[in-house]
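Student:
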Ligand SMILES: C[S@@+](CC[C@H](N)C(=O)[O-])C[C@H]1O[C@@H](n2cnc3c(N)ncnc32)[C@H](O)[C@@H]1O
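Now the structure itself:
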């Protein structure tokens with residue numbers, strides 16, 4: 001039986017990590033505060049990456065309570081709950097919404113993609129609010145979305161208390177499939193913001209990324225590593241990735257030397273991400 005995470009005792013009497021400790025290692029800070037990291041279904045450490053199999057709302061709640069301000073930046077690629085004009089169409093499995101019939105069954109389904117727009121907004125505001133509490137003052141958030149969910153995503157960001165700062169388009173190039181008599185759906189978007197004011201200092205990153213979708217993917221919704229590296233180039237660690245999928249952000253963090261916490265709810269995708277990040281670490285050593 002999988003272990004389920006319980007925070008009841010810790011919610012009644014939270015013991016907070018000292019800020020310097022938590023900043024160095026929020027995942028250990030959770031353990032020291034009695035919010036048992038081992039209470040999540042699986043936890044794996046690979047180099048400076050901590051990979052947790054759990055519902056990210058549980059992990060974000062634990063971090064917000066035990067180690068507030070311990071995360072340097074949040075880069076999220078949540079299920080978009082998109083892909084249809086009506087609530088019924090959006091409730092279909094991801095493979096039917098996002099894949100052409102000849103590619104269906106090539107990748108496993110993934111979790112959490114069935115919400116209608118109202119519940120998507122409520123859920124997004126919830127995870128983003130907890131993510132903000134866990135993030136250092138001035139820290140960055142970037143969260144992926146598509147054209148259909150862009151308005152609710154920027155609403156949720158602000159409901160959660162982040163200062164919404166802009167949109168970074170990801171241009172997937174004309175390699176994406178054409179739609180006759182229409183414009184190609186060629187871009188996805190990263191809505192970004194900060195946890196309060198952010199010092200004007202440090203490197204500058206591009207405001208648009210042109211990178212094609214990876215040819216070989218372990219996950220139906222996998223993004224390119226180069227895109228993640230670009231987005232991370234103005235972020236500080238530890239980087240929290242609440243929706244790890246195949247671990248692309250983890251690979252990019254490893255390449256940039258940033259500590260990483262990745263959370264994935266699905267056992268199959270969690271295993272795939274762990275193997276991918278482990279193999280990447282071994283290849284780099
Ligand atoms: C869009 S995919 C991420 C893809 C990833 N960026 C990549 O390049 O492989 C979103 C992932 O979030 C996971 N997920 C959905 N709801 C979740 C939740 N509540 N907690 C943790 N993971 C969740 C899904 O199973 C899915 O693998």
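Residue numbers (full-length UniProt numbering): 1 to 285. Backbone N, C-alpha and C define an ideal beta-carbon position, used for all residues, glycine too.
1) Rounded to a whole number of angstroms, what is the C-alpha to C-alpha distance between residue 185 and residue 152?
2) Between the region 71-81 and the region 39-55, do at least 3 Cβ pairs fall closer than 8 Å?
3) Taking 7 Å as the limit between beta carbons, can you name the residues of its chain near residue 5, skipping five residues before and five after?
4) Is residue 124 near ligand 1 - that is, is its Cβ less than 6 Å away from at least one heavy atom of it?
5) Can you tell me the Cβ-Cβ gap for residue 60 and residue 131, rounded? I've got them flagged as a contact below 8 Å.
6) Under the criterion of a Cβ to heavy atom distance below 6 Å, does residue 110 qualify as lining ligand 1?
7) By alpha-carbon positions, which one of 194, 265, 68 ends up nearest to residue 161?
8) Over the uninterrupted alpha helix (DSSP H) stretch that includes residue 229, give me the two end residues.
9) Closer than 6 Å by C-beta to residue 224: which residues in its own chain qualify, once you throw out the five before and the five after it? Chain order, please.
10) In chain order, what residues of the same chain lie with their CB nearer than 7 Å to the CB of residue 129, ignoring the 5 residues before and after it?
11) Leaving aside the five residues before and after residue 121 along the sequence, list all residues of the same chain whose C-beta is less than 7 Å from its C-beta, in chain order.
12) Is residue 116 near ligand 1, going by C-beta to nearest heavy atom under 6 Å?
13) What do you reckon, are the CB atoms on residue 49 and residue 250 nearer than 7 Å?
14) Can you grab the Cα-Cα spacing for the pair residue 180 / residue 246, in whole Å?
15) Give the straight-line distance between the Cα atoms of residue 275 and residue 248, rounded to the nearest whole angstrom.
16) Got a sec? Which residues, its chain only, sit under 8 Å from residue 71 by beta carbon, not counting five neighbours each side?
17) Here's a check: name, in chain order, each residue in its chain whose Cβ is nearer than 6 Å to the Cβ of residue 79, leaving out the five neighbours to either side.
18) So residue 188 is in the beta strand (DSSP E); what residue range does that whole segment cover?
19) I need the DSSP call for residue 278, collapsed to helix, strand or coil.
20) Of the choices 283, 233, 208, 108, whose alpha-carbon is the least far from that of residue 171?
21) Which residues bound the beta strand (DSSP E) around residue 123?
22) Is residue 219 close to ligand 1? I mean its beta-carbon at under 6 Å from any heavy atom of the ligand.
23) Which residues mark the beginning and the end of the alpha helix (DSSP H) in which residue 307 is found?
24) Could you check if residue 55 belongs to the surroundings of ligand 1, using beta carbon to heavy atom distance under 6 Å?
25) Residue 148: which of 174, 188, 141, 142 sits nearest, CA to CA?
26) Can you tell which of 142, 144, 158 has the C-alpha that lies nearest to the C-alpha of residue 125?
27) What does a CB cutoff of less than 6 Å around residue 143 pick up in its chain, not counting 5 residues either side in sequence?
Tutor: With the structure as the only source:
1) Those two C-alpha atoms are separated by around 19 Å.
2) No, the region 71-81 does not touch the region 39-55.
3) The predicted model places residue 5 with a pLDDT of 33, which falls under 50 and marks its position as unreliable, so this point remains unresolved.
4) False, no ligand heavy atom lies under 6 Å from that Cβ.
5) Yes, residue 60 and residue 131 are in contact; Cβ-Cβ is about 5 Å, under 8 Å.
6) Result yes, Cβ under 6 Å from ligand 1.
7) Taking only the C-alpha atoms, the option nearest residue 161 is 194.
8) From DSSP, the alpha helix (DSSP H) with residue 229 extends over 225-232.
9) In its chain, beyond the 5 residues on either side, 211, 214 have a beta carbon closer than 6 Å to the beta carbon of residue 224.
10) Around residue 129, the same chain offers 160, 161 as residues with beta carbons nearer than 7 Å, after the five sequence neighbours per side are excluded.
11) Around residue 121: 152, 155, 156.
12) Ligand 1 has no heavy atom closer than 6 Å to the beta-carbon of residue 116.
13) For the 7 Å CB-CB criterion, residue 49 and residue 250 form a contact.
14) Between the alpha carbons of residue 180 and residue 246 lies a gap of roughly 32 Å.
15) For residue 275 and residue 248, the distance between alpha carbons rounds to 12 Å.
16) Within the same chain, 26, 63, 131, 134, 135, 136, 139, 238, 239, 240, 261 come within 8 Å of residue 71 by CB-CB distance, once the 5 residues on both sides are set aside.
17) Contacts found: 112, 113.
18) In the DSSP assignment, residue 188 falls within the unbroken beta strand (DSSP E) covering 187-194.
19) Of the three classes helix, strand and coil, the one that applies to residue 278 here is helix, per DSSP.
20) Nearest option by C-alpha distance: 208.
21) DSSP places residue 123 in no beta strand (DSSP E) but in the uninterrupted alpha helix (DSSP H) bounded by 117-134.
22) Inclusion of residue 219 in the 6 Å shell around ligand 1 follows from its C-beta lying nearer than that to a non-hydrogen atom of the ligand.
23) Because the chain in this structure spans residues 1 to 285, residue 307 falls outside the shown range and cannot be described.
24) For ligand 1, at least one heavy atom lies less than 6 Å from the Cβ of residue 55.
25) With respect to the C-alpha of residue 148, the residue from 174, 188, 141, 142 having the closest C-alpha is 188.
26) The candidate whose alpha carbon is nearest that of residue 125 is 158.
27) Same-chain partners within the cutoff: 76, 191.
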